[in-house]
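K.L.:
So that you can map any letter, position 277 of the sequence shown is 277 in UniProt numbering, and since no number is skipped, the others follow by simple counting.
The beta-carbon is built from N, C-alpha and C at its ideal position, and this holds for glycine as well.
Everything numeric in this text was worked out from a predicted model, so none of it was measured.
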Amino acid sequence: MSSPVRIGIVGLGRLGKRHAENLLQRVPGATLVAAASPVAAERDWARTAGVAAVYEDLPALLAHPGLDAVWLVTPTSLHAGQVVAALEAGKHVFCEKPLALDVADCDRVIEVAHRRPGQVAMIGFMRRFDPGFAEAKRLLDAGELGTPFRLHFDAHDPIDPDGFFVRFAPTSGGLFLDCCIHDVDLARWLLDGARARRVSASGTRLMYPGLADCNDIDTGVATVEFSNGVVASFHVSRTSHRGYEAALDLTGTRGAVSVGRGITALPLVREAGNARHASGLPDFFARFSEAFLHEARAFVDAVRAGGPSPLSLEDAREATRLAVAMRGALASGTTVTLAD
Ligand code: NAI
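1. Go through the stretch 43 to 126 residue by residue and report every complete run of the beta strand (DSSP E) that reaches 3 residues or more, in order.
2. G260 and A247: beta carbons closer than 8 Å?
3. Thinking C-beta only, is G280 closer than 8 Å to D216?
4. For a test of your reading of the model: does the CB of G174 fall under 7 Å from any non-hydrogen atom of the ligand NAI? Yes or no.
5. Looking at the structure shown, is L145 part of a helix, part of a strand, or coil, going by DSSP?
6. Taking only the alpha-carbon atoms, compute the straight-line gap between A34 and A49 and give it to the nearest angstrom.
7. Short of 6 Å in beta carbon distance, which residues of its chain neighbour F94, apart from the five on each side in sequence? Order them along the chain.
8. Under 8 Å, do R14 and L293 count as touching if we go by C-beta distance?
9. Flag this pair as yes or no: are the beta carbons of L206 and A169 separated by less than 8 Å?
10. Measuring alpha carbon to alpha carbon, tell me which residue in K137, F165 and A201 is nearest D185.
11. Take the Cβ of P98 as the centre, count every other Cβ of all protein chains shown within 10 Å, and call the residue buried at 16 or more, exposed below.
12. Can you have a look at D57 and say buried or exposed, based on whether 16 or more other CB atoms are within 10 angstroms of its CB?
13. Cβ of G252 within 8 Å of Cβ of T334?
14. Just how far apart, CA to CA, sit S258 and I110?
15. If you check the beta carbons only, do A113 and L313 fall under 8 Å apart?
16. Looking at the secondary structure, which residues open and close the beta strand (DSSP E) in which G16 lies?
17. So the candidates are A53, A222, D154 and S172; which of them puts its Cα closest to the Cα of A196?
18. Out of A69, V39 and S37, state which residue places its alpha-carbon closest to the alpha-carbon of residue 360.
19. Report the rounded CA-to-CA distance for W189 versus S289, giving the unit in angstroms.
20. Just to confirm, are G220 and L101 a CB contact at a threshold of 8 Å?
21. Tell me whether T74 is buried or exposed, calling it buried when 16 or more other Cβ atoms sit within 10 Å of its Cβ.
22. Can you give me the Cβ contacts of R18 inside the same chain, cut-off strictly under 7 Å, excluding the 5 residues immediately before and after it?
23. Would the beta-carbon of G243 be found less than 7 Å away from any heavy atom of the ligand NAI?
24. Between which residues of its own chain and S172 is the CB-CB distance below 7 Å, once the five residues before and five after are set aside?
25. Is the beta carbon of A36 sitting closer than 8 Å to the one on G8?
26. By alpha-carbon positions, which one of A104, E96 and V54 ends up nearest to residue 343?
27. Shorter than 7 Å, the distance from the beta carbon of E96 to the closest heavy atom of the ligand NAI, or not?
28. Measuring alpha carbon to alpha carbon, tell me which of V236, W45, A302 and D183 ends up nearest H92.
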């Protein structure tokens with residue numbers, strides 16, 4: 001495709017506005033021609049931001065003349081149905097993670113996508129596009145770390161006094177599916193798609209007792225044994241006192257890397273009274289704004305090149321399968337053995 005990719009975005013909430021700003025200003029070869037949201041204030045925001053055509057829902061946006069691609073930043077429980085609708089309307093699709101809340105819905109999307117091989121479908125696991133994680137992958141692939149055998153992930157959201165997480169939780173799939181799934185995807189990507197064999201998990205919700213209504217947790221720990229002998233541990237929470245953090249420690253037979261540790265909002269540490277003070281990151285966007293941009297450019301480049309998708313739907317399905325297994329291990333209090 002030589003002309004710019006004409007994109008319509010659906011969902012202009014916490015993250016959708018950020019994607020829209022990127023697509024409006026910072027993604028070569030893309031033009032944001034339309035936006036949709038059921039919320040009037042979000043539609044006003046889109047008009048003010050410079051989006052020419054603004055609709056109330058996905059069906060209206062899909063009818064926009066000349067639209068090439070749809071960019072979904074909607075509640076997770078809607079993803080599978082909306083990806084199918086966009087694919088069946090003949091559009092390329094970018095959709096935020098996770099693809100779906102269960103494996104059957106992932107399979108439904110994959111089945112439709114397979115019938116439409118000319119359309120790019122990508123799920124937004126943007127951590128793959130973070131320069132730190134990408135360099136860890138490069139070092140691993142170059143053999144400089146030897147054979148990996150131990151991975152530890154930390155993913156922590158700051159404590160949220162406004163209660164956004166409690167309102168967001170019911171449609172999110174829970175802490176493992178909403179949050180830990182990023183690191184599940186990273187682990188599989190770093191390990192070249194290694195198969196997971198066994199999963200165990202624990203969790204608590206001491207900081208946000210309101211999560212009991214949807215049986216979610218605010219702090220979780222999971223371990224995954226992969227069939228190639230790698231052990232991965234995942235520590236995930238919405239209860240950080242030091243700001244947002246997304247980090248990895250990866251150990252191989254020849255060396256180790258640590259990604260994302262000790263990143264501060266300002267490159268400054270203040271010292272006084274035998275104490276040191278550094279400001280933590282406020283949120284995921286402060287940590288991953290560059291990754292979101294690289295991700296958007298990768299999608300647009302793939303559409304213009306005629307594919308393939310930078311991130312397969314099968315990878316997204318496997319991430320959902322593992323995160324669902326974590327949630328199952330937590331609920332049952334047993335180790336879950338996964339079928340090959
Ligand atoms: P949000 O609740 O702030 O925004 C959701 C948006 O969807 C709102 O604009 C709302 O008006 C719109 N919406 C609701 N129902 C709709 C419908 N039927 N049709 C069209 N639009 C509808 O949620 P947030 O935090 O922006 O999350 C959205 C998605 O992005 C979720 O799937 C979440 O998992 C993902 N996400 C990904 C992150 C990442 O690190 N990659 C970080 C945060 C969210």
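P.N.:
A quick look at the data gives this:
1. Here the runs fully enclosed are 53 to 55, 69 to 72, 92 to 96 and 121 to 124.
2. To locate residue 260, count along the sequence shown from 1; it is residue 260. To locate residue 247, count along the sequence shown from 1; it is residue 247. Result yes, Cβ atoms of G260 and A247 sit closer than 8 Å.
3. Mapped onto the sequence shown, residue 216 falls at position 216. Mapped onto the sequence shown, residue 280 falls at position 280. No, they are not a contact pair.
4. As a first step, residue 174 is located in the sequence shown; it is residue number 174 there, counting from the start. False, no ligand heavy atom lies under 7 Å from that Cβ.
5. On the sequence shown, position 145 is the one that residue 145 refers to. If DSSP states are grouped into helix, strand and coil, L145 belongs with coil.
6. Within the sequence shown, the letter at position 34 stands for residue 34. Within the sequence shown, the letter at position 49 stands for residue 49. Going from the Cα of A34 to the Cα of A49 covers about 11 Å.
7. Translated into the one-based positions of the sequence shown, residue 94 becomes position 94. Only residues of its own chain outside the window of five on either side were considered, and among them W71, M122 and F299 have a CB closer than 6 Å to the CB of F94, listed in chain order.
8. As a working mapping, residue 14 is identified with position 14 in the sequence shown. As a working mapping, residue 293 is identified with position 293 in the sequence shown. Contact flag unset, no.
9. Counting from 1 along the sequence shown, the entry for residue 206 is found at position 206. Counting from 1 along the sequence shown, the entry for residue 169 is found at position 169. No; because the gap between Cβ atoms is not below 8 Å, this pair is not in contact.
10. Position 185 of the sequence shown, counted from the start, is the residue given in the question as residue 185. Cα-wise, what sits closest to D185 is K137.
11. Counting from 1 along the sequence shown, the entry for residue 98 is found at position 98. Its Cβ being crowded by 16 or more others within 10 Å, P98 is buried.
12. Position 57 of the sequence shown, counting from 1, holds the residue named residue 57. With a threshold of 16 other beta carbon atoms within 10 Å, D57 falls short and is exposed.
13. The sequence position of residue 252 within the sequence shown is 252, counting from 1. The sequence position of residue 334 within the sequence shown is 334, counting from 1. Not a contact, by the Cβ cut-off of 8 Å.
14. Taking the sequence shown and counting its residues from 1, one reaches residue 258 at position 258. Taking the sequence shown and counting its residues from 1, one reaches residue 110 at position 110. Pairing S258 with I110, the inter-Cα distance amounts to about 34 Å.
15. Within the sequence shown, numbered from 1, the residue matching residue 113 stands at position 113. Within the sequence shown, numbered from 1, the residue matching residue 313 stands at position 313. Yes, they are a contact pair.
16. Taking the first residue of the sequence shown as 1, we reach residue 16 at position 16. Note, G16: premise wrong, no beta strand (DSSP E); alpha helix (DSSP H) at G16 to Q25.
17. Position 196 of the sequence shown, counting from 1, holds the residue named residue 196. Each of A53, A222, D154 and S172 was checked against the Cα of A196, and the nearest Cα belongs to A222.
18. No answer is possible for residue 360: it lies beyond the span of the chain, which begins at 1 and ends at 340.
19. By one-based count along the sequence shown, residue 189 stands at place 189. By one-based count along the sequence shown, residue 289 stands at place 289. The alpha-carbon atoms of W189 and S289 are separated by roughly 20 Å.
20. The residue you call residue 220 lines up with position 220 of the sequence shown. The residue you call residue 101 lines up with position 101 of the sequence shown. For G220 and L101, no; Cβs fall outside 8 Å.
21. Within the sequence shown, numbered from 1, the residue matching residue 74 stands at position 74. Flag for T74 reads buried.
22. Along the sequence shown, one-based indexing puts residue 18 at 18. Non-local beta-carbon contacts of R18 in its own chain, meaning distances under 7 Å to residues more than five positions away in sequence, involve F285 and F292 in chain order.
23. As a position in the sequence shown, residue 243 is number 243, starting the count at 1. Incorrect: G243 has no Cβ contact closer than 7 Å to the ligand NAI.
24. Here the question's residue 172 lines up with position 172 in the sequence shown. Hits under 7 Å: T76 and D178.
25. Numbered from its first residue, the sequence shown carries residue 36 at position 36. Numbered from its first residue, the sequence shown carries residue 8 at position 8. Contact: yes.
26. There is simply no residue 343 to check, as the chain begins at 1 and stops at 340 in what is shown.
27. Along the sequence shown, read from residue 1 onward, the residue named residue 96 stands at position 96. Yes, the Cβ of E96 comes within 7 Å of a heavy atom of the ligand NAI.
28. Position 92 of the sequence shown, counted from the first residue, corresponds to residue 92. When each option's Cα is compared against that of H92, the closest is A302.
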